[in-house]
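In the numbering used here, the protein residues as written are 5 to 154.
No residue lacks a Cβ here, since even glycine has one placed at the ideal position from N, Cα and C.
Predicted model, so just to flag it, every value in this text is computed and none were measured.
Right, one structure below, let's go through it.
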């Protein structure tokens, strides 16, 4: 599975470490930047990943900014994107199992590397459970179709 990852300057260090970690788990990673700690605008990097997920070019994405809030907001502006801001392992697993989240978002100034690795691993390994959750996801998709006109 191809996973796209990006960050702003506030998430750069965590993203750089997680790119290596995700590759070590056996996943293919496309690193879309940023590539240093120079100040950048998070919407530029958030939309790069969200566009790839929205278009189906990649199955999943991971975004990191200082708090994760900005990246969550921009990613969820794209049709078909279900970006979840997560700061603990249980939420990461539930984001996949119950909400079929296709973008994981974290705060580089909030979540440390060890916890971030556990979160990412749980999220990548979890699978959407369907069942009663599918009905709810279909309702979200209906809202999306009305609001995005897709």
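#1: Assuming residue 62 and residue 79 make a contact with CB atoms under 8 Å, what is their CB distance in whole Å?
#2: Give a yes or no on whether the C-beta atoms belonging to residue 100 and residue 130 are separated by under 8 Å.
#3: Between the Cα of residue 128 and those of 26, 18, 17, spot the shortest distance and give me the residue it belongs to.
#4: Alpha carbon to alpha carbon, what distance is there between residue 94 and residue 123?
#5: Go ahead and pull the three-state DSSP assignment for residue 8.
#6: If you reduce the DSSP assignment to three classes, tell me which class residue 109 lands in.
#7: Applying the 10 Å Cβ sphere with the 16-neighbour rule, what's the burial state of residue 40?
#8: Under 8 Å, with one C-beta from each stretch per pair, do the region 81 to 90 and the region 16 to 35 reach the 3-pair mark?
#9: Spatial neighbours of residue 7 within its chain, please: CB distance less than 8 Å, with the 5 preceding and 5 following residues excluded, ordered by chain position.
#10: Pull up the DSSP beta-bridge partners for residue 35, would you.
#11: In whole angstroms, give me the CA-to-CA distance for residue 68 and residue 92.
According to the structure data:
#1: Sequence index remark: in the chain shown, residue 62 carries index 58 (1-based). Sequence index remark: in the chain shown, residue 79 carries index 75 (1-based). Contact check for residue 62 and residue 79: beta-carbon distance about 13 Å, past the 8 Å limit, so the pair fails to qualify.
#2: The sequence position of residue 100 within the chain shown is 96, counting from 1. The sequence position of residue 130 within the chain shown is 126, counting from 1. Residue 100 is a Cβ neighbour of residue 130, given a cutoff of 8 Å.
#3: Taking the first residue of the chain shown as 1, we reach residue 128 at position 124. Selected option, being the one with the closest Cα: 26.
#4: Residue numbering aside, residue 123 sits at position 119 when the chain shown is read from its first letter. Residue numbering aside, residue 94 sits at position 90 when the chain shown is read from its first letter. Near 8 Å, if we compare the C-alpha coordinates of residue 94 and residue 123.
#5: The sequence position of residue 8 within the chain shown is 4, counting from 1. Note: residue 8 maps to strand in three-state DSSP.
#6: On the chain shown, position 105 is the one that residue 109 refers to. Residue state, collapsed to three classes: strand.
#7: Position 36 of the chain shown, counted from the first residue, corresponds to residue 40. The residue is exposed, with fewer than 16 neighbouring Cβ atoms inside 10 Å.
#8: Contact between the region 81 to 90 and the region 16 to 35 is absent, because fewer than three Cβ pairs lie under 8 Å.
#9: By one-based count along the chain shown, residue 7 stands at place 3. So the list reads 26, 31, 32, 33, 34, 62, 63, 64, 65, 66, 128, once near-sequence residues are dropped.
#10: As a position in the chain shown, residue 35 is number 31, starting the count at 1. As DSSP reads the structure, residue 35 sits in a beta bridge with 9.
#11: In the chain shown, counting from the first residue as 1, residue 68 sits at position 64. In the chain shown, counting from the first residue as 1, residue 92 sits at position 88. Between the alpha carbons of residue 68 and residue 92 lies a gap of roughly 14 Å.
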